[in-house]
Amino acid sequence: MRILKYINFSFLFIFLSCIEPVTPEFDFEENLIIINALATNVPGATNVTVEKTLIEFGDYKSKPISGCSIDLINSDTKERIPFSENEDIYYISDEFKILPGTRWEVEVTLPDGNIYRSTSEQAPAIVSIGAIYSEFNPEMIYDEVYGGYIPGDIIKIDFQDPADEKNFYLFQYRAYQEEMYCKICEESILRDGECLEEPNNPFLMNKYFTYICDQRCWKITYNNEIIVFDDEFTNGKDISKLLVGRVPYETKQDILVEIININISENAYNYYKAIKDLVDNNSGLNAPLPTALVGNFNGITNPESAVLGRFTAGSSEIKSVFIPRNDRSARTLGNIKLPSSEAYGDPIPNPMTYETACVESPNRTSLLSEEKRVLFGEIDTGDLDLDKDSVLDQDDNCITFPNPDQADLDTDGVGDLCDNDRDGDGYILYYENICDSNDLDANQTPVDTDLDFIPDCVDTDDDNDGYSDEFEGIAESDPLDVDSLPLDTDQDGLPDAVESRRRTDPNNPDTDGDGVKDGEDDYPRDPNRS
Amino acid sequence: MKRRKTILTLFQGLFFLVSISSILAQEYSLTLNVSDIENSQPLEGVTVLLSPCNCGGITNSSGIFSKRLKGGKYNLLVEYLGYGSKQLTVDLNSNQSFKVEMQIEEEQLSEVVLLAQKRNQNVETPQMGVLELNVRDLIKVPTVMGEFDVLKSITLMAGVNSSGDVSNGVSIRGGSLDQNLMLYDGAPVFNPTHLFGLFSVFTPDAISGVDIYRANIPAKYGGRIASVIEIKVKNPYTDALKIEGGIGLISNRLTITAPLIKDKLMLTAGGRSGFSDLLFPLLIPRLKNTRANFTDSTVKLLYLLNSYNQLSYTNFLSNDFYQLDLISNIENIVSSSNQYDFKTRNHTIKWLHTFENETNLTSRLIYSTYTPQNLFPEIDTENIIRFESQIQYTSLQSEFTNSKNKELSYYSGFEIKRYQISPGALNPGNANSINPVILNTETGYESSVYANLDWNPNPNLALSAGLRLTQFSLLGPFDEAQYDSNGLFDGVMSFGAQETVSSYLNPEPRLGINYKLGEDTSVKMSYARIFQYLQNIYNTNTPLPTSRWKLSDRYISPQKNNTFGLGFYQNFLNSKLEFSLEGYYRKTDNNLTYRPGADFFLSEFIEKEITQAEGKSYGLELSLRKNLGKVNGIFNYTWSRSLLKTNAVDPIGRINNNNWYASDFDRPHTVNATVNFEGDRYNTFSFNFVGQTGRPYTIANGIFETQNVTIPIYLYRNNSRLPTYHRLDFSWKIAYSKDPKRRFKGDWTFTVYNLYSRNNPYNIYYTQRNGGLDGDVFLGSPLGAYELSILKGALVSLSYNFKFQ
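Protein sequence lines correspond, in order, to chains H and B. What the first sequence shows, in my numbering, is residues 1 to 530, in sequence order. What the second sequence shows, in my numbering, is residues 531 to 1335, in sequence order.
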């Protein structure tokens, strides 16, 4: 109910008003301490993050502080339970949970010895979700920046609010969709799990390459708005069709949405409400003015120091809904990139790569429980034969192209149809074709002065001496002799002859002083660009 | 209560004593009633010269000049700028009264002539910081969509600012919007705008002028600390039917002025309505379910009982109804739209009694209500869930004026105001999913007695001294929250009906001194102290019409203001060019600021969400005005600051660590200019320019991330500024009635608002980064930012106005 006073009126003036992006302005202060702590009844979910603000290479950041000593303290028994650090987040254990009704506080000791302690929070009783609904709305929400309606699925729930107490709710969601690709490399190729640019490869024309996952893999998305509810005006009522989540319709893939209902204290509610005002309600004509977020941590050793963030004890419950989206005719918000896998004949080096690992992260998982997995449909996990060439994938030396004969000229284990260098001479088919050689004959190789497997006919630096053939031509040194170097007084990669043409200083390796050597600077005379 | 009554009786007794003492012997009174022949409006400030006595004077605001003279023959010369002069010969052998109708001299008249302003007035009176605008000034100002708008026009004056292109009021000398007493024919207006701040509510054709007092506010006014904006409704002095109207893009208007009983009962009734139901869906399909309707009307009845008694009744209604697609869900109510319904109902009864000896007694009874509502029609049912609040205001004022003696004039009176505020009620109708909520009504009385003396001890010195004594009581029934020594809630103390909850008694001295250094030069000084007991509570840039009003209580102390002013005034070229330089310093106390996360919606006790701050504002206002000629106009430059400082002990109440910081209304530099080119009698071109330092706003001091949401950290308020605001407007008025004697006249007004299409940012806000969207602008920032401008590009409009008389 409280939301309504901040209704965004700007749309009333929509025919007059406009928004323009501007470079965000900050009055950034470094070394502000932010502690966010959550204790819940969900096993393993109790965690603490400790961050501080800093400016790193001109960018504003908040960075995790490691090496803190943190205890969860039972306010009644004073029992201390220590947290341990795991990749910037502090956990107690995979099993640890707190019970509704218990009181807790958190004490954090920073590596510098400063101690911060939260006030005591009681985990409220759980209010169970009744029914859960989803409804598709092609005009789910209007987005000023996008300049139109965002289509999506609205999630609503029913529940019975308890009459004998004040209740405060925080709703979050976690949504799973099957990943089409586990990696997309923009103007680069995937080798050893990394997207590698091919800087010396002028023939790489593909804008991107897609790589499928090596197993079933799900993308996880989260709510990007804060949804809170206070029973101030509805205490003890049957709450029906309460909006608890808005899931954008990005792609036509089916989606599983888990609504997490966290029962929180009144103070926690006010805190999340304030966050909502800062991030969701801040854009209209009558937006609340930004103010400080008041958390519940206090400095023990230095009471005057500013510490931000909050410890919240919540009691949560999850309810999920599966939304099939395949048969919809409505337009999606985003587009899935068309598959563009590496293909035989592409100007790319071996080994050709088609798939990559589904690495567990907050945004991706392969470990979905069986009951959730079945919602997405069964996939024959047994004997797979993608190219239907009657050779099962596990045995096939080229799973993407049908090759029942399993031909492999260089016997490197990669079938010819999948092998960019069939003869195994190190020069890929694409180069051999361009440079008048033959990829079916290991004895025929193109001219390659520096033996870097990029033939001279496509190599921009034939002798690999660090100065391009073009520069060597201008400076009149020998582009085919690694020992013949052009004159480069300041050793910045630009020969003096080129520097005089580009009007850069031959005696200053970084003419514009932007930290990038002239030879590597696309704008060697512009300090703001490189 | 009883004691106050005694004081009032004493005061009333005093009036009559004074009036009795001034009865004179064997003379006759000569009364002139001067009006404009064309529209029968009384003319104020008309010079009347009498010979052989070589005496004279000027007409008052009702166009009346009156003098007692020995019997005999007199020659009268009546002069008024722009109207030429009239000569009369009178043989005075009884009490006589004449009606003098002045004819505009077309050749001499310049559209900009400030008709209501007496020549040289600015160097004569001790009143400082007063701005007077008459209807001709106002109508020339080009405004949004051709709508004639009082509030937009006054923002072209020195020391008056709006809080942006959409502003539910104005800020005067660095004060907040609710620190201005906005009166429409004496009755307070709590929501002065339509469309959430785009237009003001005052019926355009009914307005005769606006007076703005911002320095030594006269003792007759009180209750708001920054200024008084008195919007005057035309008196329907007429003996013939007159119809005026206009057709515009946003609204249409019609005003009828007619005598009901000749020379006895006259009426003016004007109205305006804007129905945008059709417009919105046509312009933007997204607004297909949006309704935006507003109407306002002003009716004034004038009854001339006899030459000593005038009775008038003014009725002002303003209605707004908006329906918006539901874009923000309201908890647990399934409704398809939000509706807004605001109603203002003002009634003013005024009785003007003139005594034989030219003194008069003015009494006013005012009743006004303001009722904003939010409506939520439930889906699939007829039921409507309502959130409603209301202000009921009643006042009685009576004032005795004696301005007979030019050297020593005075007025004195009393005013009793009763405020009854229903802060909010949630009425679920027959919906059973919502619990009803009704906040307790607050009742307060603000009673004042006041007196003011204007004294000219010698021709070069004028003095105006006033005192207003104000007593405010908040009466029960009332529930007052109690707090323990740690500031924690500790129960409620309940007060019964008529029980005093808290009361304040404050003297408010007002002083103005004018010293003339020469015929055209003067120096003025002023001082005023004022208290404010009613405040509008909001923590946004501009209040919503539904935002809460609150009376002072034990925790929310009355706001207090001490203003000092010093001014220098010089007229050049026989008053064709007026120059003024005014400096002011305002020291305020108990300004309202809001604590982090403050929420006033239906909360029972809001004192915990508010920190009262001391304030100071100071500035220099330079104004240059050319009134006559083919090219005329005003140029104003203001340098000013408006700062606030909290003195809270607890960390949450401390804003900016209890250091001075810029208030939302801090505008160090402001330039306003208006130029009019009066080409010929058919074409008038006007330009307005407004330029001011951008509004202070708050930028983040850090960021952190929680749950994939990047959250800005704010430690200080108003630590940066929006880009400079500037705008040029143009208007072209085409009058095509060739024959000035024709009864029907029409003209076209073509306006371009924001001529050079400046996007003036109203606000800048952070957004979450959305992939690479606008990455070339946001660069490496953890958050994105967008600038919201109300107007994209220039707004062109054409309106047609007509007059039949």
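Even glycine gets a Cβ: it sits at the ideal position worked out from N, Cα and C.
Does the distance from the CB of residue i to the CB of residue j come in under 8 Å?
{"i": "Tyr714(B)", "j": "Asn845(B)", "result": "no"}
{"i": "Arg487(B)", "j": "Leu711(B)", "result": "Chain B is shown from 531 up to 1335; residue 487(B) falls before or after that span and cannot be answered."}
{"i": "Lys97(H)", "j": "Thr53(H)", "result": "no"}
{"i": "Asn261(H)", "j": "Ser316(H)", "result": "yes"}
{"i": "Gly1095(B)", "j": "Gly1113(B)", "result": "yes"}
{"i": "Asn962(B)", "j": "Thr1000(B)", "result": "no"}
{"i": "Glu1208(B)", "j": "Lys1160(B)", "result": "yes"}
{"i": "Ser340(H)", "j": "Phe453(H)", "result": "no"}
{"i": "Asp153(H)", "j": "Val294(H)", "result": "no"}
Please report the straight-line C-alpha distance between residue i and residue j, rounded to a whole angstrom.
{"i": "Gln626(B)", "j": "Leu579(B)", "result": "17 Å"}
{"i": "Tyr923(B)", "j": "Leu841(B)", "result": "21 Å"}
{"i": "Asp280(H)", "j": "Asp1119(B)", "result": "34 Å"}
{"i": "Thr619(B)", "j": "Gly593(B)", "result": "19 Å"}
{"i": "Arg534(B)", "j": "Thr1093(B)", "result": "Because Arg534(B) sits at a pLDDT of 42, beneath the cut-off of 50, its placement in the model cannot be relied upon, and the following sentence gives the value as read from the coordinates. Each residue's Cα considered, the two are about 28 Å apart."}
{"i": "Gln709(B)", "j": "Arg744(B)", "result": "11 Å"}
{"i": "Ile92(H)", "j": "Arg1197(B)", "result": "53 Å"}
{"i": "Gly1042(B)", "j": "Gly996(B)", "result": "9 Å"}
{"i": "Gly575(B)", "j": "Asp1009(B)", "result": "53 Å"}
{"i": "Ser1002(B)", "j": "Glu1038(B)", "result": "Here residue 1002(B) turns out to be Phe, not Ser, going by the sequence shown. Between Phe1002(B) and Glu1038(B), the C-alpha separation is close to 13 Å."}
{"i": "Gly130(H)", "j": "Lys319(H)", "result": "9 Å"}
{"i": "Pro111(H)", "j": "Val50(H)", "result": "11 Å"}
{"i": "Ala799(B)", "j": "Leu1313(B)", "result": "54 Å"}
{"i": "Val630(B)", "j": "Asp566(B)", "result": "9 Å"}
{"i": "Ala1143(B)", "j": "Gly752(B)", "result": "21 Å"}
Note down, in chain order, each residue of its chain lying with its Cβ closer than 7 Å to the Cβ of residue i, except the 5 sequence neighbours on either side.
{"i": "Trp1278(B)", "result": "Ile1264, Leu1328, Tyr1330"}
{"i": "Ile951(B)", "result": "Ile921, Thr971, Glu972, Trp1079, Leu1081"}
{"i": "Asp526(H)", "result": "Asp512"}
{"i": "Pro509(H)", "result": "Asp490, Gln491, Asp492, Lys517, Asp518"}
Look up residue i in the DSSP assignment and say whether it is helix, strand or coil.
{"i": "Pro748(B)", "result": "coil"}
{"i": "Pro718(B)", "result": "strand"}
{"i": "Ile1320(B)", "result": "coil"}
{"i": "Leu278(H)", "result": "helix"}
{"i": "Lys78(H)", "result": "coil"}
{"i": "Val321(H)", "result": "strand"}
{"i": "Leu645(B)", "result": "Low confidence applies here, because Leu645(B) scores a pLDDT of 29, under 50, leaving its location unreliable; read the following figure in that light. Residue state, collapsed to three classes: coil."}
{"i": "Ala175(H)", "result": "strand"}
{"i": "Phe732(B)", "result": "coil"}
Give every residue of the same chain whose Cβ lies closer than 6 Å to the Cβ of residue i, excluding the five residues on either side of it in the sequence, and list them in chain order.
{"i": "Lys241(H)", "result": "Lys156"}
{"i": "Asn823(B)", "result": "Phe805, Phe851"}
{"i": "Leu494(H)", "result": "Asp518, Gly519"}
{"i": "Gly1021(B)", "result": "Gln1012"}
Going along the chain, which residues of its own chain have a beta-carbon closer than 8 Å to the beta-carbon of residue i, five neighbours each way excluded?
{"i": "Ser757(B)", "result": "Ile702, Arg703, Gly705, Gln709, Asn710, Leu711, Ile742, Tyr743, Arg744, Ile747"}
{"i": "Asn235(H)", "result": "Asp161, Ala163, Lys166, Asn167"}
{"i": "Glu918(B)", "result": "Thr901, Pro902, Gln903, Asn904, Ser952, Gly954, Ala955, Asn957"}
Within 8 Å of chain H by C-beta, residues of the stretch 1307 to 1335 of chain B in sequence order: Val1307, Phe1308, Leu1309, Gly1310, Ser1311, Pro1312, Leu1313, Gly1314, Ala1315, Tyr1316, Glu1317, Leu1318, Ser1319, Ile1320, Leu1321, Lys1322, Leu1325
field: Cβ-based contacts, 9 Å cut-off: residues of the stretch 1062 to 1075 of chain B near chain H
entry: Tyr1068, Asn1069, Thr1070, Asn1071, Thr1072, Pro1073, Leu1074
message: Along the stretch 1204 to 1228 of chain B, where does the CB come closer than 9 Å to a CB of chain H? Name the residues.
response: Tyr1227, Thr1228
- request: Return the residues of the stretch 1284 to 1309 of chain B that lie within a Cβ-Cβ distance of less than 9 Å from chain H, sorted by chain order.
  value: Asn1289, Pro1291, Tyr1292, Asn1293, Ile1294, Tyr1295, Tyr1296, Thr1297, Gln1298, Asn1300, Leu1303, Asp1304, Asp1306, Val1307, Phe1308, Leu1309
- request: Check each residue of the stretch 502 to 519 of chain H: if its Cβ is closer than 9 Å to any Cβ of chain B, include it; give the result in chain order.
  value: none
message: Output needed in chain order: residues of the stretch 28 to 42 of chain H with a Cβ under 7 Å from some Cβ in chain B.
response: Taking 7 Å as the Cβ-Cβ cut-off against chain B, the residues of the stretch 28 to 42 of chain H that qualify are Phe28, Glu29, Leu32, Ile34, Asn36.
message: Can you pull out the residues from the stretch 726 to 753 of chain B whose beta carbon lies closer than 7 Å to at least one beta carbon of chain H?
response: Phe726
query: Just by C-beta distance, which residues in the stretch 127 to 154 of chain H are closer than 7 Å to chain B?
result: Tyr142, Val145
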